[in-house]
Amino acid sequence: MGVHLPHDILTWCGIRHRLGMGVVIRRLRRVWRELSGRSNADFVAALNAQLEACLEGARIAHRLSTGELSPSDAHDQMVDAEHHGDRKRGILVEQLSRSLVTPIDREDLFRVSRSIDDVLDNLRDYVREVELLEAQAESKQLTELTEAVTNTIELLMTATSHLVDTRHEVADMVLAAKKSGGTIRQMYQRAIADLLDEDQSNNGESIRTLMSRRELLRRIDVVGLRLGEAADALADGVIKRSY
């Protein structure tokens, strides 16, 4: 009994009479792996690898805010985390360019990856600004904010880890990550209010000190916004897949 493959699959495989049988078999195996959904695990692994680099960046920022790391040490470690994240994102984008099947809509998957990349970029800028502005990063507000960032990334990792095996629960996991990211904005607003109160009570703290502290708070607020975008993109993909 013969097997008939659709013309588009034959075209995708690049099957031509000039190709050897070994090449044809390898490409057909790849098509079968794609259509059977087994490649979905590769996407989950690639996305989580990028999130792990992002999580490391958040932990570096947190250790800087608690005084465990000096600005120069934090800068060096963040450079490594950023390069690691860029490599993992490159792997994911390359997989997207050659895959037939993805666990969620490929555009949404790309949006998630791009937002995660933006998170790491802003964490890098946070560490850089501490060093350039000679700002005081050790504060209760920044410690709490960077801890909230870390928690939100961990919740996103939990959601992406279950994209394949427990899909019906992913929506709730994404919602938890979205809510966690939303608390970062609330914490930022309270921190700004506290900063203004300190200005009045200290009878005019230096403009440089106030502005540098505000910039650091704002940078973490932007991190929270980008995390919210990542959660939104993931939620969009999950909703589309359910129909």
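Going by our numbering, the first residue of the sequence shown is number 2, and it counts up by one from there. Backbone N, C-alpha and C define an ideal beta-carbon position, used for all residues, glycine too. Here the structure is a predicted model, which is why all the values come from computation and not from measurement.
Original post:
Measuring CB to CB, does residue 234 end up less than 9 Å from residue 140?
Top reply: Their beta carbons are not under 9 Å apart, which means residue 234 does not touch residue 140 by this criterion.
Original post:
Between the stretch 68–78 and the stretch 96–113, do at least 3 Cβ pairs fall closer than 8 Å?
Top reply: Short answer: they don't touch.
Original post:
When burial is assigned at 16 or more other CB atoms within 10 Å of the CB, is residue 89 buried or exposed?
Top reply: Classification for residue 89: buried.
Original post:
Tell me which same chain residues have a C-beta within less than 6 Å of the C-beta of residue 110, skipping the five on either side of it?
Top reply: Its chain contains 103 as the residues whose beta carbon lies nearer than 6 Å to that of residue 110, once the 5 sequence neighbours on both sides are disregarded; these appear in chain order.
Subject >> For residue 118, the nearest candidate out of 242, 240 and 231 (CA to CA) >> reply: For residue 118, the nearest C-alpha among the options comes from 231.
Subject >> N- and C-terminal bounds of the alpha helix (DSSP H) containing residue 104 >> reply: Note, residue 104: premise wrong, no alpha helix (DSSP H); not H, not E.
**OP:** Measure the CB-CB distance between residue 217 and residue 185 and report whether it falls below 9 Å.
**Re:** In this structure, residue 185 does not lie closer than 9 Å to residue 217 by Cβ.
Original post:
Does DSSP classify residue 73 as helix, strand or coil?
Top reply: Looking at residue 73 - three-state DSSP - the assignment turns out to be helix.
Original post:
Less than 9 Å separating the beta-carbons of residue 113 and residue 161?
Top reply: Contact: yes.
**OP:** Determine the contact status of residue 45 and residue 165, defining contact as a CB-CB distance below 9 Å.
**Re:** Cβ atoms of residue 45 and residue 165: closer than 9 Å.
**OP:** Give the C-beta separation of residue 129 and residue 83 to the nearest angstrom, bearing in mind that I take them to be a contact with Cβ-Cβ under 8 Å.
**Re:** In fact, because the Cβ distance is near 11 Å, the residues do not count as touching under 8 Å.
**OP:** Find the nearest neighbour of residue 148 within the set 239, 159, 43 and 61, judged by alpha-carbon distance.
**Re:** Out of 239, 159, 43 and 61, 61 has the C-alpha closest to the C-alpha of residue 148.
Subject >> alpha helix (DSSP H) runs wholly inside the stretch 96–184, at least 4 long, in chain order >> reply: Fully enclosed alpha helix (DSSP H) runs of 4 or longer: 107–133 and 141–162.
Original post:
Taking the alpha-carbon positions, what's the residue 198 to residue 191 distance?
Top reply: Pairing residue 198 with residue 191, the inter-Cα distance amounts to about 11 Å.
Original post:
Where does residue 36 land, buried or exposed, given buried means 16+ other C-beta within 10 angstroms?
Top reply: Bear in mind that a pLDDT of 47 at residue 36, under 50, signals an unreliable position, so the number given afterwards is only what the model happens to contain. In summary, residue 36 is exposed, with fewer than 16 beta-carbon neighbours lying within 10 Å of its beta-carbon over all protein chains present.
**OP:** Would you check if the distance between the CB atom of residue 175 and the CB atom of residue 223 is smaller than 9 Å?
**Re:** Going by C-beta atoms, residue 175 is not nearer than 9 Å to residue 223.
Subject >> Contacts around residue 94, its chain only, beta-carbon distance under 8 Å, and the 5 residues preceding and following it disregarded >> reply: 111 and 114, listed in sequence order.
**OP:** Please name the residue, chosen from 177, 107 and 57, that lies closest to residue 80 on a Cα-to-Cα basis.
**Re:** When 177, 107 and 57 are compared, the shortest CA-CA separation from residue 80 is found for 57.
**OP:** Could you give the DSSP three-state label for residue 207: helix, strand or coil?
**Re:** Three-state result, residue 207: coil.
Original post:
Terminal residues of the continuous alpha helix (DSSP H) containing residue 58?
Top reply: DSSP places residue 58 in the uninterrupted alpha helix (DSSP H) bounded by 41–67.
Original post:
Got a sec? Which residues, its chain only, sit under 6 Å from residue 221 by beta carbon, not counting five neighbours each side?
Top reply: Excluding residues within five positions, the ones whose Cβ falls inside 6 Å are 146.
**OP:** Please report how far the alpha carbon of residue 1 lies from the alpha carbon of residue 182, in whole angstroms.
**Re:** Residue 1 is absent from the model: the chain starts at 2 and stops at 244.
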